[in-house]
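*Asks:* A single structure is presented below for examination.
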DNA sequence: AAATATCGATTGTTCAACAATATTGCGCCT
DNA sequence: AGGCGCAATATTGTTGAACAATCGATATTT
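Protein chains in written order, with my numbering: chain A, 49 to 276; chain B, 49 to 276.
Written out as structure tokens, the structure reads:
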């Protein structure tokens, strides 16, 4: 719980923000949970003022929602968020793969993420598999060589990890994607961009179906919300 | 200069953030300028702590850059930023137009922005023309019906307005785009999405050339920066 | 039971203080 | 004169306490 890091010259606020981020995407802070200023400032050993700076940053990143006079709450992705996220992933990732340069350095990052996912699977660390999956697709976005686009995807990825938290059986959920990612990487390495793009499309279709399935299982009422 | 708004229940921090944003994109705060906490807190009549919350938010939005122990500075777009921004605009806007639904409500927003641009041109308000141009292309992004994508473009648009600030002769710069935008809107209204996408591509090519030209005129040394 | 008054807890905002770091300016030496 | 080190100064980083404003829940009244 110590906040002061003796020989780390990084800023306190950034550090606390990173720690809260981890708590959120790691599932220790559930979506919708209220982040009390007093409780957190005591737990993390920082002043309320500094904590408020952290909150502003996390709110701008979309990880928490700030309600006036009510405090901040962990963001709660809904069905429209899931739809939106996969729409954006298609828009960004498919052209990134289609137009990728042969032997782009990001391909190595993809293969590294793939190896990490396999090692996590062997250890039964399914949350690690999910993180590696996201790292793999962040590498795909890096094929586009755009720092702003990668930063945007990183933000989307945080929300996605939040969404992953609703999945009840991660072993069943993340396992098939390792193989699909492997196929994408192999096709890219071989220089067959159109085939890689097609494989990526299938991945995204299946991933969205599975996430939406998990969501519907948790919120059975949400489908027919229009016209009660 | 009054900060306290009697009957406006909005948050103070958001208000101050909006005001500083305007100062930046309006050119009153030049790129690279140092934002002193003491000076600004006195000028805007807010405490240093509240101002720091504003800074965190603006930094997360990319409008200012936060350097540890040195304060915050107005972001300074460089050549790579310009290249990156237009790469992203192509990636986002062209598919948005190509895949637009006929008679999408955003088309009305485009036409409204167009009318605003024309009215601003008649009044000689070239900054207004530039803002209307950006509003037009924000409407193009809205064709994709993705709230996250629109928010991302809004962030890019802030940077773009910052870039516009380097243009010396805005009347020469923004004038031709009114006609090009008009052609895009007309083709979209007519349902010819491929032609609209082609016209948009031409717009983006020309806009990038002109912005880069303006930038090179200001920073003649920047081109041959590789291998001195 | 419904509307209302009240109270406690939480957030919103400010201020003053001190520590840590950066910038400035000055004297000093070569 | 010109560069260097060092103290003096200004700025940022962070905290704690204080008070106003608002929200939530409980108790009271009708």
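Just so you know, even glycine gets a beta-carbon here, dropped at the ideal spot from N, CA and C. Predicted, not measured: the structure shown is a model, and the values here were computed from it.
1) Among B/149, B/243, B/226, whose alpha-carbon lies nearest the alpha-carbon of residue 170 of chain B?
2) Counting pairs of beta carbons, one from the segment 181 to 200 of chain A and one from the segment 134 to 143 of chain A, are three or more of them closer than 8 angstroms?
3) Under DSSP, the alpha helix (DSSP H) around residue 61 of chain B begins and ends at which residues?
4) So who's on the other strand from residue 112 of chain A, going by DSSP bridges?
5) Under the rule that 16 or more other beta-carbon atoms within 10 Å means buried, what is residue 263 of chain B, buried or exposed?
6) Please state the DSSP three-state secondary structure of residue 259 of chain A.
7) Using 8 angstroms as the threshold, is the C-beta distance between residue 132 of chain A and residue 196 of chain B below it?
8) So if I threshold CB-CB distances at 8 angstroms, which residues from the segment 141 to 167 of chain B count as touching chain A?
9) So residue 100 of chain B contacts chain A; which residues on that side make the cut at Cβ distance below 7 angstroms?
10) Roughly how many angstroms separate the alpha carbons of residue 166 of chain A and residue 180 of chain A, rounded to a whole number?
11) Which residues in chain B have a C-beta closer than 7 angstroms to the C-beta of residue 281 of chain A? List them in chain order.
12) Can you tell me whether residue 84 of chain A is buried or exposed? The criterion is at least 16 other CB atoms within 10 Å of its CB, across all chains shown.
13) Using the DSSP secondary-structure output, state which residues sit across from residue 83 of chain A in a beta bridge.
14) By the 10 Å Cβ neighbour count, where 16 or more other Cβ atoms means buried, how is residue 288 of chain A classified, buried or exposed?
15) Please state the DSSP three-state secondary structure of residue 173 of chain B.
16) Output the distance between the C-alpha atoms of residue 118 of chain A and residue 91 of chain B, rounded to the nearest integer angstrom.
17) Per the contact definition of three or more C-beta pairs closer than 8 angstroms, is the segment 212 to 222 of chain B in contact with the segment 230 to 242 of chain B?
18) Under a three-way DSSP split, which group does residue 143 of chain A fall into?
19) Taking only beta-carbon positions, decide if residue 109 of chain B is within less than 8 angstroms of chain A.
20) Taking residue 139 of chain B as the query, report the chain A residues whose CB atoms sit under 7 angstroms from its CB, ordered along the chain.
21) By the 7 angstroms beta-carbon criterion, what residues does the segment 250 to 262 of chain B contribute toward chain A?
22) Which bits of chain A does residue 204 of chain B rub up against, with CB to CB less than 8 angstroms?
23) Determine the chain A residues that contact residue 121 of chain B at a beta-carbon separation under 8 angstroms, and present them in chain order.
24) Touch check for the segment 72 to 88 of chain A and the segment 119 to 130 of chain B: three-plus C-beta pairs under 8 angstroms?
25) Around the C-beta of residue 194 of chain A, are 16 or more other C-beta atoms found within 10 angstroms, so that it is buried, or is it exposed?
26) Given that residue 212 of chain A touches chain B, what residues does it touch there, using C-beta distances under 8 angstroms?
27) What residues in its chain sit with their C-beta under 6 angstroms from that of residue 113 of chain A, if we drop five residues either side in the sequence?
28) Suppose you measure from the CA of residue 209 of chain B to the CA of residue 176 of chain A; what does that come to, to the nearest Å?
29) Note down the Cα distance separating residue 106 of chain A from residue 71 of chain A, rounded to an integer number of angstroms.
30) Applying the 10 Å Cβ sphere with the 16-neighbour rule, what's the burial state of residue 287 of chain B?
31) If we cut at 8 angstroms on Cβ distances, does residue 132 of chain B have a partner in chain A?
32) Relative to the alpha-carbon of residue 230 of chain A, which residue among A/201, A/59, A/155, A/191 has its alpha-carbon at the smallest distance?
33) Under 7 angstroms Cβ-Cβ, which residues of chain A neighbour residue 116 of chain B?
34) How long is the line joining the alpha carbons of residue 222 of chain B and residue 192 of chain A, rounded to whole angstroms?
35) Kindly list, in the order they appear in chain B, the residues whose Cβ is closer than 9 angstroms to that of residue 184 of chain A.
*Replies:* Looking at the coordinates:
1) Here residue 170 of chain B corresponds to residue number 122 of the second chain, with the count starting at 1. Nearest C-alpha to residue 170 of chain B: B/226.
2) With a cut-off of 8 angstroms, the segment 134 to 143 of chain A and the segment 181 to 200 of chain A count as touching, because enough Cβ pairs lie within range.
3) Along the second chain, one-based indexing puts residue 61 of chain B at 13. Residues 60 to 73.
4) Here residue 112 of chain A refers to the residue found at position 64 when the first chain is read from its first residue. Residue 112 of chain A pairs with A/122.
5) Against the second chain, residue 263 of chain B aligns to sequence position 215. Buried: at least 16 other Cβ atoms inside 10 Å.
6) Counting from 1 along the first chain, the entry for residue 259 of chain A is found at position 211. It is helical.
7) Start at 1 with the first residue of the first chain, and residue 132 of chain A comes out as number 84. Start at 1 with the first residue of the second chain, and residue 196 of chain B comes out as number 148. Closer than 8 angstroms, so yes.
8) 143
9) Mapped onto the second chain, residue 100 of chain B falls at position 52. Contacts between residue 100 of chain B and chain A, judged by CB atoms closer than 7 angstroms, involve 101 in chain order.
10) Along the first chain, one-based indexing puts residue 166 of chain A at 118. Along the first chain, one-based indexing puts residue 180 of chain A at 132. For residue 166 of chain A and residue 180 of chain A, the distance between alpha carbons rounds to 9 angstroms.
11) Limits of chain A in this structure are 49 at one end and 276 at the other, which puts residue 281 of chain A out of reach.
12) Within the first chain, the letter at position 36 stands for residue 84 of chain A. Under this definition residue 84 of chain A is an exposed residue.
13) Here residue 83 of chain A is taken as the residue at index 35 of the first chain, counted from 1. Bridge partners of residue 83 of chain A: A/120.
14) Lying outside 49 to 276, the shown extent of chain A, residue 288 of chain A is not represented and no answer is given.
15) In the second chain, residue 173 of chain B corresponds to position 125, counting from 1. Coil.
16) Against the first chain, residue 118 of chain A aligns to sequence position 70. Against the second chain, residue 91 of chain B aligns to sequence position 43. Residue 118 of chain A and residue 91 of chain B: Cα-Cα distance of roughly 29 angstroms.
17) No, they do not touch.
18) Counted from its first residue, the first chain places residue 143 of chain A at position 95. Helix at residue 143 of chain A.
19) Indexing the second chain from 1 puts residue 109 of chain B at position 61. Closer than 8 angstroms: yes.
20) Taking the second chain and counting its residues from 1, one reaches residue 139 of chain B at position 91. Residues of chain A passing the Cβ test: 143.
21) Nothing from the segment 250 to 262 of chain B brings a Cβ to less than 7 angstroms from some Cβ of chain A.
22) In the second chain, residue 204 of chain B corresponds to position 156, counting from 1. Neighbours of residue 204 of chain B on chain A, chain order: 196.
23) Taking the first residue of the second chain as 1, we reach residue 121 of chain B at position 73. In chain order: nothing, as chain A lies at least about 16 angstroms away.
24) no
25) As a working note, residue 194 of chain A is residue 146 in the first chain. It counts as buried.
26) The sequence position of residue 212 of chain A within the first chain is 164, counting from 1. Neighbours of residue 212 of chain A on chain B: none; closest Cβ ~17 angstroms, over 8 angstroms.
27) In the first chain, the residue the question calls residue 113 of chain A occupies position 65. Correct list, in chain order: 121, 123.
28) Position 161 of the second chain, counting from 1, holds the residue named residue 209 of chain B. Position 128 of the first chain, counting from 1, holds the residue named residue 176 of chain A. Near 41 angstroms, if we compare the C-alpha coordinates of residue 176 of chain A and residue 209 of chain B.
29) Start at 1 with the first residue of the first chain, and residue 106 of chain A comes out as number 58. Start at 1 with the first residue of the first chain, and residue 71 of chain A comes out as number 23. Their Cα atoms are separated by approximately 12 angstroms.
30) No statement about residue 287 of chain B is possible, as the shown extent of chain B runs from 49 to 276 and does not include it.
31) The residue given as residue 132 of chain B occupies position 84 in the second chain. Yes, contact with chain A.
32) Taking the first chain and counting its residues from 1, the one referred to as residue 230 of chain A is at position 182. Of the candidates A/201, A/59, A/155, A/191, the one whose C-alpha sits nearest the C-alpha of residue 230 of chain A is A/155.
33) Start at 1 with the first residue of the second chain, and residue 116 of chain B comes out as number 68. Simply 59.
34) Along the second chain, one-based indexing puts residue 222 of chain B at 174. Along the first chain, one-based indexing puts residue 192 of chain A at 144. Taking the straight line from one Cα to the other gives about 29 angstroms.
35) Looking up residue 184 of chain A in the first chain gives position 136. Residues of chain B passing the Cβ test: none, with the nearest at roughly 20 angstroms.
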